[in-house]
Every structure is written in C-alpha cells, then in structure tokens.
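Everything below concerns the one structure shown next.
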Amino acid sequence: MAQGLGVIDFAGGSVVHINAGIAALVTAVVIGRRNGYDGRPIPPHNLPFTVLGTALLWFGWFGFNAGSALAANGLAVHALVVTHVGAATAGLTWALLEWVFTGKPTVFGIVTGSIAGLATITAASGFVGVCPAMAIGFTASVVCFVCVSVVKSKLGYDDSLDAFGVHGIGGILGMMTTGLFASKAINAAGPDGLFFGNAHVFLVQCFAVLVVTAYSLAATFIICKAVDLFVAVRVPLKEEIIGLDLTQHHETAYTVME
Numbered sequence: 005m006a007q008g009l010g011v012i013d014f015a016g017g018s019v020v021h022i023n024a025g026i027a028a029l030v031t032a033v034v035i036g037r038r039n040g041y042d043g044r045p046i047p048p049h050n051l052p053f054t055v056l057g058t059a060l061l062w063f064g065w066f067g068f069n070a071g072s073a074l075a076a077n078g079l080a081v082h083a084l085v086v087t088h089v090g091a092a093t094a095g096l097t098w099a100l101l102e103w104v105f106t107g108k109p110t111v112f113g114i115v116t117g118s119i120a121g122l123a124t125i126t127a128a129s130g131f132v133g134v135c136p137a138m139a140i141g142f143t144a145s146v147v148c149f150v151c152v153s154v155v156k157s158k159l160g161y162d163d164s165l166d167a168f169g170v171h172g173i174g175g176i177l178g179m180m181t182t183g184l185f186a187s188k189a190i191n192a193a194g195p196d197g198l199f200f201g202n203a204h205v206f207l208v209q210c211f212a213v214l215v216v217t218a219y220s221l222a223a224t225f226i227i228c229k230a231v232d233l234f235v236a237v238r239v240p241l242k243e244e245i246i247g248l249d250l251t252q253h254h255e256t257a258y259t260v261m262e
C-alpha cells in the first residue's frame, strides 16, 4: 500500500524508528514515571560502555542501511557514506549545542546526537547526496536536542533512554527530509523530492508519518492495556525501591564468594 502511494523509505525510518519511538512514548506514559523521578536527566552508570555500545551500533548501522540496497553495488556504498556523514554531523552539532547552552560539551551528548543522526538518515540513505546528509544530520541534532532537553521536561514523561526524543523524532524527521532532498541523480529508482520540483513526494511522506504514528500509538496502547489485565506492567513500589535487578532478576553487581 505504501509503495503504491509513492512512499519512499530506504532502510526503515518509518517502520523501525517512528514505530519504536511512538511505542516507547506510549509505554512510558502507560507505565508512569519512576519513583522519585523529577524530570532531570540521570547520568549514565558506565560512560565507557555507553560509548562502546554506540560504536558497535554505529558500525552495525552501515550494514543496516547499506544492506538495504540488497546488493554489493554503488548504491550500497553511497548509503554507507551518507549514513556516516549524517551521524558524524549530528554528533558534532549536539556537542556545539551543549557548548552554547550549557557551557560544556559532553561525550554522552555526542553519542546521543550521533544516534539521532543515524535514526534520521535511515529513510534517506539511499536517496540523498552527501551535502543533504549533512543538512539532515544538523537538523536531526537540533530538533532532537530540543525534544530531549526541553519538550521532555515540559511534558513530564519518563523516557529513560530518550527512545521517543531520538528515534521517534529522528524517524519522523528522516521521512520528511527524504521528501525534501530525494534525488533521481542518486537513485534512479526513486523520485525527486520537493527541493527538486516534486511537492507530491513530500506530502506523501508526511501522510506516511501520520499513518505510522497513529497505528503505533493505537496498537501499543491496546497491547499495554491488554498485558496489564493479566500481568501488571508496573512493579509494586517496594520492589521498585529495592531495585529491579534484585526483585525481578536476582542479580547483583558483584558475586558473593561462599
């Protein structure tokens, strides 16, 4: 159906990132905020592991996006290059934003921005050039930065890993910017976008965003409520205070020697 309407999404910006981001937001709202959560960001437990995880994810994204060409050809190479450029631009932009607004760029901010860039370039990776990829990475970082640092605290939802603010918003931006920057010069199988004289593609991309958002929101809400009827989606307050590692998994950070 989406293909019949002319929707273009090279590597899953809508079905993966919008879908997951909206699902994360709905689930976070249904479960509710953590006990004692006051809206301020909680520092990561282990920053080196965060960086390592991001590096592995970034590398894996090359296969995710380039592999969507379904062949070892020039389009796959192009998708890999613009994926890297978009992520790098977004990571650098996030650092500059932190420098301007907080006075101190952080490694955690850089990796967050990089993931935002990766999520946003996903839909466009097989349709846009290098310069548009830089513009997409920059836009992704600015918009996701605002969503994570301003909108999230204003609305008061508790999304611990910013799945909505980074992946959801990134996926939405990615679909829309694909409708702006898509070019037949990059991929003859795709259409030109708004900036190349084809406004219809941009409108179709926006429609696809609305459809996927509505579907994910409704389906996730129904699933969460159905699960809550049989297995509570939130643990009792006492177990939450003790910690889920102990109460749910019986795991500790160390091993006690007998």
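Numbering-wise (the working numbering), the sequence shown opens with residue 5 and increments by one.
The C-beta atom is built at its ideal place from N, Cα and C for all residues, glycine as well.
6 Å CB neighbourhood of residue i in its chain, flanking five on each side removed
| i | result |
| --- | --- |
| threonine 124 | Ile140, Ala144, Gly174, Leu177 and Gly178 |
| alanine 24 | His171 |
| aspartate 162 | Ala32, Arg37, Arg38 and Tyr41 |
| leucine 9 | Val208 |
| serine 129 | Phe14, Ala15, Asn69, Ala83, Val86 and Thr87 |
| phenylalanine 105 | none |
| glycine 95 | Ile114, Gly117 and Ser118 |
| leucine 122 | Trp65 and Ala91 |
| phenylalanine 142 | Thr93 and Thr97 |
| threonine 251 | Glu243 |
| valine 81 | none |
| valine 11 | Val208 and Ala212 |
Residue i burial status per 10 Å Cβ neighbour count (16 or more: buried)
| i | result |
| --- | --- |
| valine 260 | Residue placement at valine 260 is poorly supported in this model, since its pLDDT is 48, which falls under 50; the coordinates are not used for a value here. |
| aspartate 13 | buried |
| glycine 169 | buried |
| histidine 254 | exposed |
| tryptophan 98 | buried |
| isoleucine 2 | Missing from the structure shown is residue 2; the chain here goes from 5 to 262 and no further. |
| aspartate 166 | buried |
| isoleucine 22 | buried |
| threonine 256 | exposed |
| leucine 29 | buried |
| alanine 127 | buried |
| valine 152 | buried |
| lysine 156 | buried |
| glycine 107 | exposed |
| valine 231 | exposed |
| methionine 5 | At methionine 5 the pLDDT is 48, less than 50, meaning the model places this residue with poor confidence and gives no usable figure here. |
| serine 18 | buried |
Cut-off 8 Å between Cβ atoms - residues of its own chain near residue i, not counting five sequence neighbours on either side
| i | result |
| --- | --- |
| methionine 138 | Val89, Gly90 and Thr93 |
| methionine 180 | Phe206, Gln209, Cys210 and Val213 |
| alanine 222 | none |
| leucine 233 | none |
| aspartate 188 | One point to set straight first is that residue 188 is lysine, not aspartate, in the sequence displayed. The residues are Gly194, Pro195, Asp196 and Phe200. |
| lysine 229 | Val34 |
Beta-carbon separation (whole angstroms), residue i vs residue j, contact threshold 8 Å
| i | j | result |
| --- | --- | --- |
| valine 132 | threonine 182 | 7 Å |
| proline 136 | phenylalanine 185 | 4 Å |
| isoleucine 119 | threonine 58 | 7 Å |
| leucine 101 | valine 146 | 7 Å |
Chain-order list of residues whose beta-carbon lies under 7 Å from that of residue i (same chain, five-residue window excluded)
| i | result |
| --- | --- |
| threonine 79 | Before going on, a small fix: residue 79 reads as leucine here, not threonine. Contacts found: Ala73, Gly130 and Asn191. |
| asparagine 202 | Pro195 and Asp196 |
| alanine 27 | Ser220 and Thr224 |
| cysteine 148 | Ala120, Gly169, Val170, Ile173 and Gly174 |
| valine 263 | The structure shown does not extend to residue 263, since the chain is modelled only from 5 through 262, so no value can be given for it. |
Item checked: Three CB pairs or more closer than 8 Å across the segment 24–41 and the segment 237–246 -> At 8 Å Cβ cutoff, the stretches touch.
Notebook entry, point to check: Using 8 Å as the threshold, is the segment 211–225 in touch with the segment 191–198, meaning 3 or more CB pairs across them?
Noted result: Short answer: they don't touch.
Item checked: Validate contact between the segment 246–256 and the segment 44–59 using beta carbons, cut 8 Å, 3 pairs -> Taking a contact to require three or more Cβ pairs closer than 8 Å, the segment 246–256 and the segment 44–59 do not qualify as touching.
Check: Would the segment 52–64 and the segment 103–121 be scored as touching if the rule is three or more Cβ pairs under 8 Å?
Finding: Segments in contact, yes.
Check: Considering only residues of the segment 68–139, which uninterrupted alpha helix (DSSP H) runs meet the minimum length of 4 residues and lie entirely inside it, listed in chain order?
Finding: With a minimum length of 4 residues, the continuous alpha helix (DSSP H) runs that stay inside the segment 68–139 are 78–106 and 111–125.
Notebook entry, point to check: What are the start and end residues of each continuous beta strand (DSSP E) run of 3 or more residues lying completely inside the segment 137–171, in chain order?
Noted result: Whole beta strand (DSSP E) segments, 3+ residues: zero.
Notebook entry, point to check: Which runs of the beta strand (DSSP E) fall wholly inside the segment 169–250 and span at least 3 residues, in chain order?
Noted result: As far as the segment 169–250 is concerned, it has no whole beta strand (DSSP E) run of at least 3 residues.
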